[in-house]
Amino acid sequence: MRCTALQRDAKGQYLFDLICHHLNLLEKDYFGIRYVDPDKQRHWLGFTKCIAKQMKSQPPFTMCLRVKFYPPDPAALKEEITRYLVFLQIKRDLYHGRLLCKTSDAAMLAAYILQGKWTTATPCISCLFFLLNLYLTRQVS
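This note's numbering puts the first residue of the sequence shown at 20, with every later residue one more than the last.
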């Protein structure tokens, strides 16, 4: 989603609500908006503060909806969009080595990710092992 214009004094909560409305995201508690400053440091956008005052760079600003808190029981998530966004975040974090977990848990998560990718086709076994190894190598290194 591209947001072309916000009022100069818009608060983070306004943008968050706008994004959630656009995605029809009802289970909002797990999410936040993240941005990267000019020094490549990641920050969570404060919802009660003015967006422009939180940014250290000049517009246009790039911000991303991200999982801020993983649900303790993902199976309890009610909405498909919430489950999908959590899945995408786990996949991204695992791939980039940001998800700290035991190797056996990483292998299980990678297997679930690959299983989700290949539900409509039957890949060759060597392809699956290659992709699983790719996810695990990135997670461990």
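Where a beta carbon is used, it is the ideal one built from N, C-alpha and C, also for glycine.
- Taking a contact as a CB-CB distance under 8 Å, the pair Tyr-49 and Met-82 does not count as one, their CB atoms being some 17 Å apart.
- Annotation: Ala-94 to Val-105 spans about 11 Å, alpha carbon to alpha carbon.
- Membership of His-41 in the alpha helix (DSSP H) is indicated by the continuous run 31-42.
- Within the DSSP secondary-structure output, Phe-50 pairs in a beta bridge with Val-86.
- With respect to the C-alpha of Cys-39, the residue from Gly-51, Arg-117 and Ala-29 having the closest C-alpha is Gly-51.
- Going by beta carbons, Leu-34 and Leu-44 fall outside the 8 Å limit.
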